[in-house]
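Residue numbers (the numbering used here), protein chains in the order written: chain A, 1 to 329; chain B, 330 to 669; chain C, 670 to 1019.
Don't be surprised by glycine CBs; every beta carbon is placed ideally from N, CA and C.
This structure is a prediction, so every number in the text was calculated from the model and none was measured.
Taking it in order: structure first as structure tokens, then the write-up.
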Amino acid sequence: MKELIKKVVETYGPAGSEAQIRELIRSEIAPYVDEMRVDALGNLIALKRGGGKKLMLAAHMDEIGIIVTHIDKNGFLRFFPVGGLSPLTLIGNRVMFENGTLGVVGAEKLEAQKDLSLNKLFIDIGAASKTEAEVKVGIGDVACMSREFVDLGTRLVAKAMDDRIACAILIEALKAVREPTYDIYAVFTTQEEVGLRGARVAAYDITPDLGIAIDVTRTGDTPESITMDVSLGKGPTVKIRDSSLLCTPSVRKFMEEVAQQNSIMYQLEVLEAGGTDAGAIQLTKGGIPAGVMSIPCRYIHTASEMVDYSDVQNGVKLLVGIMETEFKG
Amino acid sequence: MLLKRLSEAFGPSGCEGEVRNILMEELAPHVKEWRRDALGNLIAVKGSAGGLRVMLAAHMDECGLMISSIDRSGLLRFRKVGGIDDRVLVSKHVIVGSKKISGVIGAKAVHLQKPDERNQIIPLSGLYIDIGAKSKEDAEKLIKIGDYVVFATEYKALSDTVVVGKSFDDRAGCAVLVEVLKDEYALDIYGAFTVQEEIGLRGAGVAAYAIEPDLAIVLEGTTCSDIPPSKEYGYCTTLGQGPAITIMDASVICDRRMIAELVRIAKDHDIPLQFKRSVTGGSDAGKINQTKAGVPVVVISVPCRYIHSPISMLNLTDFHNTIKLVKLFLKSIAEGGFVL
Amino acid sequence: MESKEFLKLMVEQTGVSGFENPVAEVIKKAFATVADDVCTDVLGNVIARKQGEGDERISIMLAAHMDEIGMMITKIEEGGFLKFIAIGGIDQRTLVAQEVKVHGKRDVLGIIGMKPPHLLSPEEVGAAIKMQDMVIDLGLPIEQVKELVTVGDLVTVHRPFIALAGDFVAGKAMDDRAAVAVLLECLQELQKIRHKADVYAVATVQEEVGLRGALVSTYHIAPQIGIAIDVCHGEMPGVPEQDTAPMGKGPNIALGANIHPKLYERLVEVAKEHNIPYTIDPVPGPSGTDAWAMQVTRSGVPTALVSLPLRYMHTSVETLSMADVKSTGRLLAYFIASIDKSFVEGLLCY
């Protein structure tokens, strides 16, 4: 599975520019699903028939990035964030455009470190002039972080673990599931990082009986971290709440029961700030029971997001268990 | 002139009636079917060629004020409707309520201020509208609590191409949409003049829900800051450099295929075009994009300096080029020159 | 049932946003005495339907939220102290030294402790205590705490209903269960008068975390008129008069973009006709109530908003007048009785 993870995390795909990652996922899952389509917002919606109720599983394939808003006469690019991006994580980092162009992030002279903000930063693609830059990049072009996947053994580090690790888990689960008890709509959603936008329209179209998002969550296991009872290596989480939703109690119970029945280690997650696709799914039409399985992840929204491989493997098991167990709530 | 009429019309969010009437009157010869809904959106329905359903949207409402109470002295206290910068309010001429009473926004005279007050923003609690009433009872003959207020700004031409007036955001978009609707297209056209954009993109979503468009084009008068002390990368748009296409804002990521087609058309027809170079702020496009199973959208704007203030400025060449570009775009869609 | 008694039952029950079931049971029972049927939807909204007379199918939805703000356990620290976050908008300063109930395996009483003033550093003396620095102390050894409590358990302030002088009452969750009491008043009044409209009285969930219950229940019901009943700030010293409404002088009727002008006019007409006292509230933008979500559901719903004046909002001593609960219930009932098909059709003619 590590090879699949390496492929999906290294592929380009910021919010709104998901074509490359969508094609990769499409080719990975094609042998294992019955139907596939792409909707108006670019969501990849795959159907695996098992009869019964409609289960929507959402893993967002977009990642955070930057959008070019100005090219100056010396060829430097100014930019805005696409999704939640801190300037603290950017200086000296490398970014990659859809056509493969690479750039580095530089900063204006700062009087003090606290003056650092995104509008003091720029991207240098090695062009000596505006004309030279415009050969490779235009206003409105979007880039993601450029960083290689690293296998530290148990722990894996890469850009875009948020939320490609969930894409990888969903792909693996589609391969592994033997007796699905639902018509499974596996949705690789777009534009989650800018407001859960893909999941919202996909859920409207599908109108599932049960919606579960797969995402990453923060942890409380690093020095002087936030107060949170989630750690790497203690299993995927069953979410209770985040800013976007209070998980439907019957769904949370169902997910816990599946984990217990299959002897899968899991943690309970209370996330103070942050949202997931399930928030949009739950409020679709007259309301849809919704829950979330998260993979604990350190350093979210940086170029080096870290997960634990055992949590990923347990995540696949829990997801397969969900696919094969009827939700009676 | 239509832009002048629209600019001077009274229409803060939630009180768009006067704008609605002007639009219906102006379009009477060109539109047979009108729809209205529970929020007051006005939708012109044109053509039934069984072609693509195209929604064009421009919002009728503007930022303004609302009367919240009347003091014993007859002075009026107010709240803001939409995102007006507190700093632009003091010493302006305003129009209050359905009886269109003239008033001025007053504050403590400079002589009575402490030195450090002069560098501070005057809070709303320090401002009031004076309509010349002698007492609360006197004021109540002319004004009701909840009455809306707009700036009393006259539309003027500063040169052959540059004009100033209030509410170009989004009466410029309304005026563009009116001109576009005067032509015929082999498409199902829904011209939506929306309400309540300035207080949270309220009208566009419900209009799109009813229309179920295949694609949508939002017409705006948008931010332009090509003035000192802005740095060039902070201009957002530049006056006189043509219609501005939004690639992304806080509410939406526009459809790349539609943007590509607009760029092609502009090039082929020598229409100057610029991209909006900021992603802050939202637009009706966000709500339309998120309607039902999703709608591809694009935003085309006339750059306007000093929006959300009593007086904004636009370039008529940009305005006419926006009309031209939108018409050509619709023709291209109708001819199948562009496939979703 | 008498409103005061119903309100006491409700505010002494728990129902934190997303977990409204305990209070929902109380409400279902009361609504069942006056409605034709009562059901619960996927999110837990309680929907009571009272059918109108005749064949004109008109639907009016009344929404009052039953959820309350509360807290949730995030971690059990060494020593058995509990860390928590807020669910909904809590003023952290009102939590200090409160008795709380932790809803674990069973309800456990605890207190929100603080460092005593004697031990504060000079910088700490003048500053409010942050929620992240507070803990809940159950007075139990950690082993016992871990048996009773897990991450994700809910916490509410322990506050029995308080009857004050006259017809004033105080307690937690009066926002917005006093308005749920208005729904019952209205349904009871409607048993005495004729009405053509089908009435859907909805006790909504998850208002405090983003108007979520109203969003889905309005979609589900698809009413022709929607009215939210919420609370507004009652008159008190230190707050400008123009930002508050007087206590005991009837409902506060909103006007502005969130309100259909014809519904506002009709509410005022009905109040005058039946000598019901009222005040008005100009709302220039987002009303922050269920009405805000209802209005933009599907292709749009004409909405109105009436509010009960209430002091000390989002604390455990929210105070209001029962007279306002009763008069608001009557106003809504007479309003509903005044609605016919032609009025509803007129709402689309701007």
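Pair within 8 Å by beta-carbon distance, residue i and residue j
i	j	result
GLU671 of chain C	LYS841 of chain C	no
ALA914 of chain C	THR948 of chain C	yes
GLY315 of chain A	ILE169 of chain A	yes
VAL238 of chain A	LEU196 of chain A	no
VAL804 of chain C	VAL769 of chain C	no
GLU664 of chain B	SER612 of chain B	no
MET1022 of chain C	LYS673 of chain C	Nothing about residue 1022 of chain C can be read from this structure; chain C reaches only from 670 to 1019.
MET145 of chain A	ASN74 of chain A	no
PRO892 of chain C	SER1007 of chain C	no
VAL627 of chain B	ILE556 of chain B	no
ILE351 of chain B	LEU335 of chain B	yes
GLY475 of chain B	PRO951 of chain C	yes
ARG762 of chain C	TYR869 of chain C	no
PHE480 of chain B	SER641 of chain B	no
Closer than 7 Å: residue i CB and nearest the ligand ZN heavy atom
i	result
VAL777 of chain C	Among the ligands in the structure shown, none appear at all, so the ligand ZN cannot be discussed.
Span separating the alpha-carbon of residue i from that of residue j
i	j	result
THR873 of chain C	LEU404 of chain B	41 Å
GLY671 of chain B	LEU602 of chain B	Since the displayed chain B opens at 330 and closes at 669, residue 671 of chain B lies outside it and no answer follows.
ARG382 of chain B	ALA622 of chain B	15 Å
VAL939 of chain C	VAL994 of chain C	17 Å
LYS697 of chain C	VAL425 of chain B	47 Å
GLY103 of chain A	ALA515 of chain B	46 Å
ALA30 of chain A	LEU859 of chain C	59 Å
VAL105 of chain A	LEU90 of chain A	6 Å
GLU28 of chain A	ILE171 of chain A	7 Å
GLU257 of chain A	GLY879 of chain C	29 Å
LEU85 of chain A	ASP242 of chain A	19 Å
SER250 of chain A	PRO289 of chain A	8 Å
SER607 of chain B	CYS633 of chain B	14 Å
MET741 of chain C	ILE756 of chain C	7 Å
VAL270 of chain A	LEU232 of chain A	15 Å
VAL885 of chain C	GLY615 of chain B	20 Å
LYS361 of chain B	VAL374 of chain B	7 Å
PRO625 of chain B	ASP597 of chain B	24 Å
LEU110 of chain A	PRO558 of chain B	19 Å
SER1011 of chain C	THR620 of chain B	30 Å
Environment of residue i [buried if 16+ CB atoms lie within 10 Å]
i	result
SER956 of chain C	buried
HIS301 of chain A	buried
ASP776 of chain C	exposed
HIS889 of chain C	buried
GLN260 of chain A	exposed
GLY330 of chain A	Since the first and last residues shown for chain A are 1 and 329, residue 330 of chain A lies out of range.
Contacting positions in the region 766-791 of chain C - beta carbon closer than 9 Å to chain A: none
Inter-stretch contact (C-beta, 8 Å, three-pair minimum) for the region 504-511 of chain B and the region 576-592 of chain B: no
The region 974-991 of chain C touching the region 843-850 of chain C, judged by at least three CB pairs closer than 8 Å: yes
Sufficient close CB pairs (3 or more, under 8 Å) joining the region 333-341 of chain B to the region 65-76 of chain A: no
Members of the region 358-385 of chain B near chain A, C-beta cut-off 9 Å: none
Interfacial residues, the region 89-108 of chain A to chain B, with Cβ spacing under 9 Å: none
Touch test, the region 541-556 of chain B against the region 383-399 of chain B, Cβ-Cβ under 8 Å, three pairs minimum: yes
Cβ-based contacts, 7 Å cut-off: residues of the region 134-147 of chain A near chain B: ILE139, GLY140
Chain-ordered residues of the region 608-621 of chain B with a beta carbon less than 9 Å from chain A: VAL608, THR609, GLY615, ASN618, GLN619, THR620, LYS621
Under 9 Å (Cβ pairs) to chain B, residues found in the region 968-986 of chain C: SER968, GLY969, VAL970, PRO971, THR972
Near-chain B residues of the region 146-167 of chain A (beta-carbon distance less than 8 Å), N- to C-terminal order: none
Segment contact flag, the region 197-217 of chain A with the region 267-282 of chain A, C-beta cutoff 8 Å, min 3 pairs: yes
Residues from the region 804-819 of chain C in contact with chain A, defined by Cβ distance under 9 Å: THR819
The region 902-913 of chain C in contact with the region 728-748 of chain C per 3-pair CB rule at 8 Å: no
Members of the region 564-584 of chain B near chain A, C-beta cut-off 9 Å: TYR564, CYS565, ILE574, ILE576, MET577, ALA579, SER580, VAL581, ILE582, CYS583, ASP584
Sufficient close CB pairs (3 or more, under 8 Å) joining the region 159-166 of chain A to the region 104-124 of chain A: no
Three CB pairs or more closer than 8 Å across the region 394-409 of chain B and the region 420-435 of chain B: yes
Near-chain B residues of the region 925-939 of chain C - C-beta to any C-beta below 9 Å: GLY925, ALA926, ASN927, ILE928, HIS929, PRO930, TYR933
Three or more C-beta pairs below 8 Å linking the region 779-792 of chain C and the region 695-712 of chain C: no
Chain C contacts from the region 461-483 of chain B (Cβ-Cβ distance under 7 Å): ILE474, GLY475
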